[in-house]
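Mapping to the UniProt record's numbering: the sequence shown position 17 is 17, numbers consecutive. We treat Cβ as the ideally placed atom computed from N, Cα and C, and that holds for glycine. To start, the structure under review is shown below, and the notes come after it.
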Amino acid sequence: EYISSLKLIHRDIAARNILLYDKRRVKISDFGLSKDVYQTKYYSSETRKKLPIKWMAPEAIEKQRFNIFTDVWSFGVFMWEVFKLGKEPYPEIRNADILQFLKLGYRLEQPHCTKAWYDIMFSCWNIQPRARPRFKELVQKIEVVMEADCTYTVLS
Numbered sequence: 001e002y003i004s005s006l007k008l009i010h011r012d013i014a015a016r017n018i019l020l021y022d023k024r025r026v027k028i029s030d031f032g033l034s035k036d037v038y039q040t041k042y043y044s045s046e047t048r049k050k051l052p053i054k055w056m057a058p059e060a061i062e063k064q065r066f067n068i069f070t071d072v073w074s075f076g077v078f079m080w081e082v083f084k085l086g087k088e089p090y091p092e093i094r095n096a097d098i099l100q101f102l103k104l105g106y107r108l109e110q111p112h113c114t115k116a117w118y119d120i121m122f123s124c125w126n127i128q129p130r131a132r133p134r135f136k137e138l139v140q141k142i143e144v145v146m147e148a149d150c151t152y153t154v155l156s
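Below is the structure:
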């Protein structure tokens, strides 16, 4: 949420770039692909750098166009990585085939988590970018699910 409030697009939100800070906060690292989009709200890449295809939204793969909604897609893949304990997404699919896979409507399968957690991930992978939640909304949804998942033991 913080990065998007600064009008930055990270373009590489993945478990490999997330640092644990304390119980409820993380730090995002590796801003090598990030771009300031204060004026235009999106970034269009002209170059063919190596990009993290399996974490990218279909429109980013196809048109090399990045915005806050492409970071939301990547965040959903990051959440999936967390529940899969760092496994690579789409391990059996080649990078060259990912776009077609996604266009056909396929998504990462539900990892070992509740439906509520998977629903949050899945909402990040909507084929329509503007139908994806904003980070502020994701924070609210995650807080609700975390609170619901929290179990307490009464010690006497």
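For D12, the secondary structure class from DSSP, reduced to helix, strand or coil, is coil.
Just measuring C-alpha positions, the residue of R130, A131, A116, R94 sitting nearest K141 is A116.
Cβ neighbours of Y118 within its own chain (closer than 6 Å, five residues either side excluded): Q110. Per DSSP, the unbroken alpha helix (DSSP H) holding N95 starts and ends at 95-103. In this structure, E92 and A14 do not form a Cβ contact; the two beta carbons are roughly 19 Å apart against a cut-off of 8 Å. In this structure, the CA atom of N17 is about 16 Å from the CA atom of T70. Contact between I120 and L138 holds: their C-beta atoms lie close to 7 Å from each other, under 8 Å. Residue environment for M79: buried (at least 16 other C-beta atoms within 10 angstroms of its C-beta).
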